[in-house]
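Under the numbering used here, think of the first position of the sequence shown as 7, with each following residue one higher.
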Amino acid sequence: MKKEICKAIAAVLAVTMTVSVIAACGRGGKEPADSLIASETYSEATVPAPAQDELDALIQDALGDAQWSGDYAKLTDKQKNAIEKNLARQGYSAKVTDKGIAYFGYSPKATDEEIAQAVKTVLGEKAWDGKYDSLTDEEKLAVRDALRKQGYDVELGDHSFRFPDAADRKEETTHYHYDRMPTKEQIAGAVADVIGTDAYLKWKGDMLALTEQQRKDVLKGLNNLGFDLALNDKGEFYMVHNPANKVTFATAYTSIVENGTTMPETTVATTAPEKPTENVTGTTADKKTSAPTAERTALSTFGGTGGDAFRHVALCKDGGYIVTGQYLSEDGDYAGSNKTWQRLRASVVRYDKNGAYQWKSTIGGSALNAYIGVMLNQSTELSDGSIVTVGITDARSLGVVKNDPSDALIIKYSKTGSQEWVKRFAGTDEDTFVSVCATPDGGFVAGGRSTSSDGDMAGSQIETIKALLVKYTADGEIEWKRTFTGGSNSASFVSLAVTDAGAIYAACDARVALGRKMQLDMLSFAGYGGTDAIIFKFGPTGELLTHRTIAGSGNDEVTSLALADGGVIVGGSFTENVREDSVFAGRHNYGESDAFLVKLDAHLGVEWVKTFGGIANDTITDVARIRGGYAAVGWSLSSNNAFDFLGSGGGDAFVLTLSDNGSETNKYAIKGTERDQASAIAADGGKRFAVVGNTLSSTVDFSSCLPASEGLAVSFIALYDVK
């Protein structure tokens, strides 16, 4: 669910007002539309509404350069929708009608006639038998979106459209708000419920002015909604699991409500650690745990003299590894490769658990004016032992038509590396898959980006970049897809992880373009700096459960996530931070970019944050769970501060092992005298992990490796034992 919807629902829940739509706000105090007033399931109450000057500003912002006359009947549907979204971002749940603005606790349930009309709008001339199950998944989604545009809060159910009630929303917010402070409206609503409307209107906002029992009842009301709050002796609210972060009533809502998911994250442990740890925060930061140690047991290179790089590594059930790479060589390990293939060629290489080579499969394409060729980004092993790899191609020999810049590519291999099928996900613009992960039902989910609005992306917004998530069966048939419109800059799902229960964690990079007047899903999640990192959690059928925005004021880029103890661990890089409410609050940026790790719980609450900075560019490219903690890999151009163990050449690869709470770190280099980069890691969760990447070095760590670099990169794989 989008952030603005969650915020609006949460704000209304906190005031415990399951209400009818009885309040109209706007010029002239006009009443809401008649169709929104009558409902036996709602009772009259006062609902949150903005002050007039705030409302005027929200309306004018939605209208842009258009002059606001004060007449709601003259607004177009698009303008009404824009106003509703602006209100929702500020925590107000509202419907704009020809008569004014109606504020409500929950959208009334759509009538059968309204649902039928929405279906007719979607199906056009196609007849409908009135049965939900007769609609395709795409048609259901389109009908849902049509109803949402009318102001209804609707989801796809098993056998009907589902209109969540107060109980549903209360259950959702129990997880959504546990590690957040309440908004002004939520606190006010809780107080009004306890002391009554008349007394509330005279209340000055001082919690100490309430009786002890009233304060307890207010806390109970808020905590029943999923908060974890207490009051100190000054009447200030604070989170119980973070008693050092005492936020007053006057400021409890200001920084949090602005972005919905990014709360003040600089949590402090209840008890200070005996030995302070630099650049780490979190509720478990005071635990005295040691970082696992790692010993490199093997290092080998792979490729030829044309330029090659391993991009990704995935663990297999037998303890071996599937490595995805790019190559241009026609000799060495790629001797015999098809010389008619143009531009980039791709390979999938299988290693056993000891790092011994077993087999490889290569693929390329040919066409005039091909700029990409074939690029494979990630692979995963399915439950039957087969392998799926995803990427991008513009090769005509693989079915890309002349007017398509590029298509997303999916290839399935047998256990022994024989190619079973090749499929594309395509429209007439650019489409690519960047990430892939197996699912418990035997299929897989692929993530990436698309600028198409036809073909497999039919019905999506034109001339925009969409972050794309697609669920497939093992045979490559689409089960469902989710898109999030990011505008004209960038939006892509770059890393995925799936739990045994089928929940999907997805890491997304988004750079939202604000200059154009368009409906941008990503405005609900991003837009705080240059590039923002967003972690989404979806259910097995694609329903959005919750999300976490990792954003400072600069470029915050997520590269990877992995399942962790009770949640996920996320890695990437950030450039600067001047926002006090960001995950990186209080952290100095040492160079052009610093590396970071963030541990999130199952509800995407922040447990701890650790940053690693040097004087130049530093980034974590991948992360994995190992016995006793976590391992992360990346590359750095720095040779000081956190990366003082590097500095042999034009950038070095590194491996970090961290304790469970991120408080301690061990550091290891993979380096020569030239540039070395680690791109990915795969671990069995226990005693061993593999790191892959590429190098221009033939000295130091690579002095005994063959093939050796001769001026162009060769791929490498390194194995480590966890001690």
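Don't be surprised by glycine CBs; every beta carbon is placed ideally from N, CA and C. Model, not experiment: these values are computed from the prediction.
Requested in this report: Report yes or no: do three or more beta-carbon pairs, one from the stretch 712 to 723 and one from the stretch 688 to 702, lie closer than 8 Å?
Outcome: yes
Query raised in the report: Cα separation between leucine 603 and arginine 631?
Result: Residue mapping note: residue 603 aligns to position 597 of the sequence shown, counting from 1. Residue mapping note: residue 631 aligns to position 625 of the sequence shown, counting from 1. Distance between the alpha carbons of leucine 603 and arginine 631: 12 Å.
Query raised in the report: Where does serine 166 sit, in a helix, a strand or coil, going by DSSP?
Result: To locate residue 166, count along the sequence shown from 1; it is residue 160. Residue state, collapsed to three classes: coil.
Requested in this report: Pull up the distance between the alpha-carbon of glycine 691 and that of arginine 633, whole angstroms please.
Outcome: As a working mapping, residue 691 is identified with position 685 in the sequence shown. As a working mapping, residue 633 is identified with position 627 in the sequence shown. If I take the Cα positions, the gap works out to 6 Å.
Query - Classification of isoleucine 468 by the beta-carbon crowding that lies within 10 angstroms, buried from 16 upward - result: Taking the sequence shown and counting its residues from 1, the one referred to as residue 468 is at position 462. The residue in question, isoleucine 468, is exposed, as its Cβ has fewer than 16 Cβ neighbours within 10 Å.
Query raised in the report: How would you label lysine 605, buried or exposed, when you count the other beta carbons within 10 angstroms and need 16 or more for buried?
Result: Against the sequence shown, residue 605 aligns to sequence position 599. The residue in question, lysine 605, is buried, as its Cβ has 16 or more Cβ neighbours within 10 Å.
Report task. Compare the beta carbon distance of valine 3 and aspartate 400 with 7 Å and say whether it is the shorter of the two. Result -> Since the first and last residues shown for the chain are 7 and 729, residue 3 lies out of range.
Report task. Could you pull out every residue in the same chain whose Cβ sits closer than 7 Å to the Cβ of lysine 673, ignoring the five residues on either side in sequence? Result -> For the purposes of this step, residue 673 is taken as residue 667 along the sequence shown, with counting starting at 1. Phe651, Phe660, Leu662, listed in sequence order.
Query raised in the report: Tell me the DSSP bridge mates of glycine 640?
Result: Within the sequence shown, the letter at position 634 stands for residue 640. Ile626, Phe660.
**Report entry** Cβ separation of leucine 502 and glycine 453, assumed to be a contact under 8 Å, to the nearest whole Å
**Finding:** As a position in the sequence shown, residue 502 is number 496, starting the count at 1. As a position in the sequence shown, residue 453 is number 447, starting the count at 1. Leucine 502 to glycine 453, Cβ: 5 Å. Contact.
Query - Own chain residues within Cβ distance below 6 Å of aspartate 607, not counting five before or after - result: Position 601 of the sequence shown, counting from 1, holds the residue named residue 607. Cβ within range, chain order: Gly572, Gly573, Glu613.
Query raised in the report: What did DSSP end up calling tyrosine 340 once you bin it into helix, strand or coil?
Result: Numbered from its first residue, the sequence shown carries residue 340 at position 334. Tyrosine 340: helix per DSSP, three-state reduction.
**Report entry** Nearest candidate by alpha-carbon position, reference isoleucine 676, set Ser566, Ser296, Leu305, Thr491
**Finding:** In the sequence shown, residue 676 corresponds to position 670, counting from 1. Out of Ser566, Ser296, Leu305, Thr491, Leu305 has the C-alpha closest to the C-alpha of isoleucine 676.
Report task. Return the CA-CA distance between alanine 275 and asparagine 667, expressed in angstroms with no decimal places. Result -> In the sequence shown, the residue the question calls residue 275 occupies position 269. In the sequence shown, the residue the question calls residue 667 occupies position 661. Summary for alanine 275: the model assigns pLDDT 24, below 50, so the residue's position carries little reliability, and this model does not support an answer.
Query raised in the report: Taking just the CA atoms, how far does leucine 334 sit from serine 229?
Result: What you label residue 229 is simply residue 223 of the sequence shown in a count that begins at 1. What you label residue 334 is simply residue 328 of the sequence shown in a count that begins at 1. Reading off the sequence shown, one finds asparagine at residue 229, where the question assumed serine. In a straight line, the C-alpha of asparagine 229 is about 59 Å away from that of leucine 334.
Query raised in the report: Who are the Cβ neighbours of glycine 313 in its own chain at under 8 Å, not counting the five residues just before and after it?
Result: Translated into positions along the sequence shown, residue 313 becomes position 307. Excluding sequence neighbours, glycine 313 sits near Tyr333, Leu334, Ser335, Leu718, Ala719.
Requested in this report: Within the same chain, show all residues whose beta-carbon is closer than 8 Å to that of glycine 310, passing over the 5 residues directly before and after it, in chain order.
Outcome: What you label residue 310 is simply residue 304 of the sequence shown in a count that begins at 1. Same-chain partners within the cutoff: Tyr333, Ser335, Glu336, Asp337, Gly338, Asp339, Tyr340, Ala341, Pro713, Val720.
Report task. Return the chain-ordered list of same chain residues with a C-beta closer than 6 Å to the C-beta of serine 709, the five sequence neighbours on each side being excluded. Result -> Here residue 709 is taken as the residue at index 703 of the sequence shown, counted from 1. Contacts found: none.
Query - Rounded straight-line distance, which links the Cα of glutamate 598 to that of asparagine 646 - result: In the sequence shown, counting from the first residue as 1, residue 646 sits at position 640. In the sequence shown, counting from the first residue as 1, residue 598 sits at position 592. About 13 Å.
Query raised in the report: Taking the Cβ atom as the reference point for each residue, do lysine 472 and serine 496 lie within a distance shorter than 7 Å?
Result: The count along the sequence shown starts at 1 and reaches residue 472 at position 466. The count along the sequence shown starts at 1 and reaches residue 496 at position 490. No.
Requested in this report: State the DSSP-derived secondary structure class of valine 125, mapped to helix, strand or coil.
Outcome: Position 119 of the sequence shown holds residue 125. Assignment of valine 125 by DSSP, reduced to helix, strand and coil, places it in the helix class.
Report task. Note down the Cα distance separating aspartate 83 from aspartate 481, rounded to an integer number of angstroms. Result -> Here residue 83 refers to the residue found at position 77 of the sequence shown. Here residue 481 refers to the residue found at position 475 of the sequence shown. Separation of aspartate 83 and aspartate 481 (C-alpha to C-alpha, rounded to the nearest whole angstrom) is 42 Å.
Query - Coil, strand or helix - alanine 512 by DSSP - result: Start at 1 with the first residue of the sequence shown, and residue 512 comes out as number 506. Alanine 512 falls in the strand class under three-state DSSP.
Query - For valine 500, the first and last residue of its enclosing alpha helix (DSSP H) - result: Residue 500 sits at position 494 when you count from the first residue of the sequence shown. Premise fails: valine 500 lies in the beta strand (DSSP E), 496 to 504, not in any alpha helix (DSSP H).
Query raised in the report: Is glutamate 716 helix, strand or coil by DSSP?
Result: By 1-based counting over the sequence shown, the position of residue 716 is 710. Residue state, collapsed to three classes: coil.
**Report entry** Straight-line Cα distance separating asparagine 360 from phenylalanine 316
**Finding:** Sequence index remark: in the sequence shown, residue 316 carries index 310 (1-based). Sequence index remark: in the sequence shown, residue 360 carries index 354 (1-based). Each residue's Cα considered, the two are about 18 Å apart.
Query raised in the report: Within 10 angstroms of its Cβ, does leucine 214 collect 16 or more other Cβ (buried), or is it exposed?
Result: For the purposes of this step, residue 214 is identified with residue 208 of the sequence shown, where counting begins at 1. Result: exposed.
Requested in this report: Specify, as a first and last residue, the run of the beta strand (DSSP E) that serine 355 falls within.
Outcome: Within the sequence shown, the letter at position 349 stands for residue 355. For clarity, residue 355 is valine in the given sequence; the question names serine instead. Valine 355 -> beta strand (DSSP E) spans 351 to 357.
Requested in this report: Report the rounded CA-to-CA distance for isoleucine 626 versus alanine 516, giving the unit in angstroms.
Outcome: Counting from 1 along the sequence shown, the entry for residue 626 is found at position 620. Counting from 1 along the sequence shown, the entry for residue 516 is found at position 510. Those two C-alpha atoms are separated by around 18 Å.
Report task. With DSSP as the reference, label glycine 379 as helix, strand or coil. Result -> Here residue 379 corresponds to residue number 373 of the sequence shown, with the count starting at 1. Glycine 379: strand per DSSP, three-state reduction.
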